[in-house]
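Residue numbers (my numbering), protein chains in the order written: chain A, 1 to 280; chain B, 1 to 86.
Note that beta-carbon positions come from the ideal geometry of N, C-alpha and C, so glycine has one too.
Taking it in order: structure first as structure tokens, then the write-up.
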Amino acid sequence: MRKNNLETFLESLNSTDNYKAHSALLKVTTKEEGGLFVNSRGKVISEIKFFRDNDRKIQLVSERDFKVNSYLRNGNAHFERQDFSGWLSLKDYRGTCKIAGNQYSFNSFLRIIFSLLAVELGGVLLHSSGSCIASGALLFIGKSGSGKSTIIKNLLVYPNNRNKILSDEITLVMPSNNDGYNSFSTPFFGTLEGRLKITSKQAPVKKIFFLKKSNHFNIKKLKRNKALERLLPNIIFFLKDGFFAEKVMSIAAGITEKIPCYELSFTERVKKNEYKIISG
Amino acid sequence: MSIKLSPDKKLAWRIIEGKAYILNPEKSELHCLNGVATSAWEYISKGLEFEELCEKIYQEYDVKREVLVRDLTELLQELRKKSLIK
């Protein structure tokens, strides 16, 4: 019998190298009914139930359908969207969620849980692609269409960079033991999904680039305030809560203090000398 | 009676390189204040009343008092409109 998209996605979470990297934060396993366990330092989420496709057909058609309503009530984080509804206790990390039985809904829900746990542990999920060089990871930040996948594809042609991709869409940045930050691969992909082999799982963050498509190449070092201004809108976080906003602000301020940030204007092709400047 | 000014408790903010960056999680908005507004924001966060705020800024900047009062009134209106202060 042919597997549906959701089953394939869940299997891939558990079986392929592409997804194993995210075990730095979470470990996802499945049960017969689509149960989900999330381990983070021994903490567990359970009782995740999926709607079967036949039970509830979901069509997300307008922008409003994709809007997540999230709030904190009695120590529980609640997340609601047209295709899922659930809560998570911030005390013991247990909760329940009902999700439409398709890959996209599950993927979106997983992003929410990832983003919350990341902030709880002092890190963040970033709209960024990532590439590893010998000395660490280069993160390329930007919204959809900013060139995150393009720059990664560009860098792949250089031998030192081959097969050292963290992600083309979302990376996890967590504080490291040596007062810096580590970046990790995540199970979330952009336009290169299925075409990109993720072999690099983590690396210390060396530089952060904010992408700007242009007809010429240019790198400009950003002052810390400008870096913060650019970084905050690219942090993935859904919970509308003052306490967590303070945490996110604190993490972003820490990242911009410790990691050099640049604005990178680039063209369709990154030349060899430009690659040296980027990775130098 | 003058009312003490204060930032909304749900906000997160930092002053970096002389500018205040204010994150409003309710609206998912990031606000950036210029130099004078950042000075005002620092005093607002200390719970000053409007008259005290005017006096502090008047001492710091070379500005006519009536211009300052007008500008600070406009600033506070703007901050209230954006739900940044009470």
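Determine the direct distance from the alpha carbon of ALA245 of chain A to that of VAL124 of chain A, and round the result to whole angstroms. 12 Å
Contacts around ARG14 of chain B, its chain only, beta-carbon distance under 6 Å, and the 5 residues preceding and following it disregarded: TYR21
Out of curiosity, what's the CA-to-CA distance linking LEU222 of chain A and GLY35 of chain B? 19 Å
Flag LYS10 of chain B as yes if its beta-carbon sits less than 9 Å from any beta-carbon of chain A, otherwise no. yes
If you measure beta-carbon to beta-carbon, which residues of the segment 230 to 244 of chain A are closer than 8 Å to chain B? LEU232, PRO233, LEU239, LYS240, ASP241, GLY242, PHE244
Considering only C-alpha positions, which residue in the set A:ILE141, A:LEU121, A:ASN76 is nearest to LEU264 of chain A? A:ILE141
Does any C-beta atom of chain A lie closer than 9 Å to the C-beta of SER28 of chain B? With its beta carbon less than 9 Å from one in chain A, SER28 of chain B belongs to the interface.
Using the Cα positions of LYS143 of chain A and LYS64 of chain B, report the straight-line distance between them to the nearest angstrom. Looking at the two C-alpha atoms, the distance is approximately 44 Å.
So, under 8 Å CB-CB, ILE165 of chain A and SER131 of chain A are touching, yes? Tell me the CB distance rounded to an integer number of Å. About 6 Å; that satisfies the 8 Å criterion.
What residues from chain B crowd round VAL248 of chain A, counting only those whose CB sits closer than 9 Å? Chain-order list of chain B residues neighbouring VAL248 of chain A: ALA12, LEU23, PRO25, by C-beta distance under 9 Å.
Report yes if the CB atom of GLU169 of chain A is closer than 9 Å to the CB atom of SER105 of chain A, and no otherwise. no
Are the C-beta of LEU90 of chain A and some C-beta of chain B separated by less than 9 Å? no
Going by DSSP in three states, SER214 of chain A sits in which element: helix, strand or coil? coil
Just to check my reading of the structure: PHE238 of chain A and VAL68 of chain A have Cβ atoms closer than 8 Å, yes? What is that Cβ distance to the nearest angstrom? The C-beta distance from PHE238 of chain A to VAL68 of chain A rounds to 5 Å, short enough to meet the 8 Å contact threshold.
Less than 9 Å separating the beta-carbons of LYS91 of chain A and SER146 of chain A? Not a contact, by the Cβ cut-off of 9 Å.
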